[in-house]
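Residue numbers (our numbering), protein chains in the order written: chain C, 1 to 229; chain B, 1 to 229.
Reviewing the structure listed below.
2 protein chains.
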Amino acid sequence: MDQAPQPSGQGPGALFTDLDQATAAVVMGVATLRHLPAGNTLFHQGDPPSQLFQVSTGLVRLTRVNPEGEQTTLRFMGPGDLVGCVAVFRRFPFPATATATRATTVLCWGAAQILDLVRRYPAVSANALNAVGDRTREMVDRLADITDKGIEARVASVVLRLVAQVGRNGPKGPEIATPVTRKDVSEMTGVSYFTVSRILGGWQRQGLVRLGRARIIVLDPYRLAQIAG
Amino acid sequence: MDQAPQPSGQGPGALFTDLDQATAAVVMGVATLRHLPAGNTLFHQGDPPSQLFQVSTGLVRLTRVNPEGEQTTLRFMGPGDLVGCVAVFRRFPFPATATATRATTVLCWGAAQILDLVRRYPAVSANALNAVGDRTREMVDRLADITDKGIEARVASVVLRLVAQVGRNGPKGPEIATPVTRKDVSEMTGVSYFTVSRILGGWQRQGLVRLGRARIIVLDPYRLAQIAG
DNA sequence: CGTCACCTTGATGGATATCAAAAACCGTGG
DNA sequence: CCACGGTTTTTGATATCCATCAAGGTGACG
Numbered sequence: 001m002d003q004a005p006q007p008s009g010q011g012p013g014a015l016f017t018d019l020d021q022a023t024a025a026v027v028m029g030v031a032t033l034r035h036l037p038a039g040n041t042l043f044h045q046g047d048p049p050s051q052l053f054q055v056s057t058g059l060v061r062l063t064r065v066n067p068e069g070e071q072t073t074l075r076f077m078g079p080g081d082l083v084g085c086v087a088v089f090r091r092f093p094f095p096a097t098a099t100a101t102r103a104t105t106v107l108c109w110g111a112a113q114i115l116d117l118v119r120r121y122p123a124v125s126a127n128a129l130n131a132v133g134d135r136t137r138e139m140v141d142r143l144a145d146i147t148d149k150g151i152e153a154r155v156a157s158v159v160l161r162l163v164a165q166v167g168r169n170g171p172k173g174p175e176i177a178t179p180v181t182r183k184d185v186s187e188m189t190g191v192s193y194f195t196v197s198r199i200l201g202g203w204q205r206q207g208l209v210r211l212g213r214a215r216i217i218v219l220d221p222y223r224l225a226q227i228a229g
Numbered sequence: 001m002d003q004a005p006q007p008s009g010q011g012p013g014a015l016f017t018d019l020d021q022a023t024a025a026v027v028m029g030v031a032t033l034r035h036l037p038a039g040n041t042l043f044h045q046g047d048p049p050s051q052l053f054q055v056s057t058g059l060v061r062l063t064r065v066n067p068e069g070e071q072t073t074l075r076f077m078g079p080g081d082l083v084g085c086v087a088v089f090r091r092f093p094f095p096a097t098a099t100a101t102r103a104t105t106v107l108c109w110g111a112a113q114i115l116d117l118v119r120r121y122p123a124v125s126a127n128a129l130n131a132v133g134d135r136t137r138e139m140v141d142r143l144a145d146i147t148d149k150g151i152e153a154r155v156a157s158v159v160l161r162l163v164a165q166v167g168r169n170g171p172k173g174p175e176i177a178t179p180v181t182r183k184d185v186s187e188m189t190g191v192s193y194f195t196v197s198r199i200l201g202g203w204q205r206q207g208l209v210r211l212g213r214a215r216i217i218v219l220d221p222y223r224l225a226q227i228a229g
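Put into structure tokens, the structure is as follows:
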């Protein structure tokens with residue numbers, strides 16, 4: 001907790017922040033808890049937005065099929081993050097596929113229920129607005145990163161963002177939740193696989209990071225932030 | 001109206017959709033109308049989010065300063081679009097600078113007032129959620145475009161998006177609102193200036209577009225969509 | 001201890017950024 | 001109406017960065 005990176009879903013969970021006890025109970029009351037083994041999917045790209053999820057434990061990967069038909073990673077979501085919030089509140093088909101990359105538990109709300117709650121409780125509505133706003137903000141930042149930074153800076157940004165979103169404090173320093181592969185990082189940066197490997201390798205030689213199979217430990221976040229610009 | 005591209009802010013204006021007459025009157029009542037000469041700015045990047053704007057007529061450009069200190073174009077907003085919605089509802093500093101690129105009129109709401117309206121009227125809250133959700137959706141799409149499309153496809157995407165957002169029907173076909181320069185297009189695509197010029201030039205030779213100073217007329221939207229993938 | 005998925009490293013070519021310079025365009029004022 | 005100045009755009013030549021291809025390594029897990 002001290003200097004540990006926080007999951008992006010702040011506090012007890014995005015939807016519940018600043019709710020009075022009664023309201024929180026109502027929101028919790030209509031939720032159901034679900035356990036997913038690794039590899040299971042919450043929903044597929046294009047599905048109607050029938051449910052809203054909040055990750056409780058584990059790790060969820062959002063992917064998209066590109067024009068060539070391959071799945072490419074869009075982002076990861078960890079404990080406290082609202083998965084599907086944009087689609088559900090906006091009543092759009094899910095723009096991505098959500099998959100548990102390891103054993104995961106999630107809270108689920110039916111679309112109709114959650115929309116009703118939002119209409120009835122301004123506090124819940126505010127939380128929804130905040131969650132969606134945060135998402136937009138992140139996307140704008142990522143877009144700016146990609147358009148005006150060099151490759152190395154982009155990789156640094158993505159690594160730092162991953163640490164902040166799905167990081168944990170390991171013994172040697174902040175550590176990105178496993179399994180996040182080089183391929184995932186490359187797809188999130190718009191850089192090829194191999195180049196990411198080379199850049200990370202270079203950083204490891206300089207002692208900025210420690211690498212493992214589907215694992216990245218950040219030893220010098222300050223210098224990384226510098227590289228990210 | 002027939003086959004004309006619609007501004008992204010749908011109908012009479014994002015905030016007002018599906019409001020009963022009384023509510024609409026209240027929302028309109030606390031708004032003020034402002035006229036801006038070309039070149040004036042609504043707000044600067046980093047400013048506290050003191051006001052929400054809805055473009056009524058004209059054209060607004062959102063720019064961001066990149067690490068090198070230059071202003072780069074993020075997007076344009078035309079009639080019906082809510083400018084600053086993410087920042088105001090999320091209570092974040094504005095992530096970009098908004099400038100009128102020509103004579104423009106906007107509706108303005110004070111942050112406190114609009115937050116109050118959102119808390120009081122679920123219908124307004126729903127509209128806010130929709131507006132912010134649309135924004136997220138667009139950013140996700142743009143991000144995906146950039147990471148998994150080739151350069152030419154990216155330029156095509158941006159041109160088509162501009163037509164949809166700030167396009168008008170000219171005599172020869174859909175036409176992007178002026179002044180949108182090649183430089184703007186290049187910054188929105190993450191491609192250099194010169195390359196955009198070459199690509200557009202090529203399209204003009206094939207009869208897909210007609211070019212002018214700070215002007216792009218789309219002659220063959222269908223083929224462009226094909227190129228965009 | 002074998003197999004599979006993930007990762008690294010090297011060599012190569014090509015797409016695109018960059019630099020440089022000239023041309024087209026527009027508004028302005030004579 | 002025309003000449004002028006600044007901005008935008010085009011076009012060409014060059015260099016560089018990165019994607020791609022190929023092959024070998026390394027760790028995890030049954």
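Positions of the beta carbon are idealized from the N, C-alpha and C atoms, including for glycine.
Owing to the predicted nature of the structure, the values given are computational and were not obtained by experimental measurement.
Length of the line joining the Cα atoms of residue i and residue j
| i | j | result |
| --- | --- | --- |
| residue 64 of chain C | residue 45 of chain C | 7 Å |
| residue 171 of chain C | residue 200 of chain C | 20 Å |
| residue 198 of chain C | residue 207 of chain C | 14 Å |
| residue 119 of chain B | residue 75 of chain C | 31 Å |
| residue 36 of chain C | residue 107 of chain C | 11 Å |
| residue 38 of chain C | residue 194 of chain C | 27 Å |
| residue 213 of chain C | residue 80 of chain C | 26 Å |
| residue 25 of chain B | residue 111 of chain B | 18 Å |
| residue 114 of chain B | residue 70 of chain C | 43 Å |
| residue 30 of chain B | residue 116 of chain B | 11 Å |
| residue 179 of chain C | residue 196 of chain C | 16 Å |
| residue 131 of chain B | residue 141 of chain C | 18 Å |
| residue 151 of chain C | residue 68 of chain C | 23 Å |
| residue 34 of chain C | residue 129 of chain B | 27 Å |
| residue 32 of chain C | residue 138 of chain C | 28 Å |
| residue 202 of chain B | residue 202 of chain C | 40 Å |
Cβ distance (whole Å) where residue i is taken to contact residue j below 8 Å
| i | j | result |
| --- | --- | --- |
| residue 41 of chain B | residue 98 of chain B | 6 Å |
| residue 124 of chain B | residue 211 of chain B | Wrong, their Cβ atoms sit about 42 Å apart, outside the cutoff. |
| residue 133 of chain B | residue 43 of chain C | Not quite, the Cβ-Cβ distance comes to about 17 Å (not below 8 Å), so this is no contact. |
| residue 136 of chain B | residue 86 of chain C | 5 Å |
| residue 92 of chain B | residue 49 of chain B | 6 Å |
| residue 143 of chain C | residue 143 of chain B | 6 Å |
Other residues of its chain near residue i: CB distance less than 6 Å, five sequence neighbours each side excluded
| i | result |
| --- | --- |
| residue 187 of chain B | 72, 73 |
| residue 77 of chain B | 55, 60, 83 |
| residue 204 of chain B | 211 |
Which listed residue (the options) has its alpha carbon closest to that of residue i
| i | options | result |
| --- | --- | --- |
| residue 177 of chain B | B:144, B:190, B:141, B:216 | B:216 |
| residue 155 of chain B | B:133, B:170, B:183 | B:183 |
| residue 219 of chain B | B:167, B:191, B:22 | B:167 |
| residue 225 of chain C | C:145, C:129, C:32, C:214 | C:145 |
| residue 27 of chain B | B:204, B:109, B:202, B:152 | B:109 |
| residue 47 of chain B | B:94, B:34, B:30 | B:94 |
Close beta carbons around residue i, own chain, < 7 Å, minus the five adjacent residues each side
| i | result |
| --- | --- |
| residue 58 of chain C | 100, 102, 103, 104, 105 |
| residue 192 of chain B | 186 |
| residue 96 of chain B | 45, 62, 63, 64, 74 |
| residue 223 of chain B | 208 |
| residue 66 of chain C | 72 |
Same chain only: Cβ atoms within 8 Å of residue i, ignoring 5 sequence neighbours per side
| i | result |
| --- | --- |
| residue 221 of chain C | 160, 163, 173, 174 |
| residue 149 of chain C | 157, 228, 229 |
| residue 22 of chain B | none |
| residue 127 of chain B | 14, 15, 16, 17, 18, 19 |
| residue 190 of chain B | 146, 154 |
Identified DSSP bridge partners for residue i
| i | result |
| --- | --- |
| residue 77 of chain B | B:60 |
| residue 43 of chain B | B:98 |
| residue 176 of chain B | B:167 |
| residue 108 of chain C | C:32, C:53 |
| residue 72 of chain B | B:64 |
| residue 218 of chain C | C:209 |
| residue 83 of chain C | C:53 |
Residue i: CB within 7 Å of a non-hydrogen atom of the ligand FMN
| i | result |
| --- | --- |
| residue 50 of chain B | Among the ligands in the structure shown, none appear at all, so the ligand FMN cannot be discussed. |
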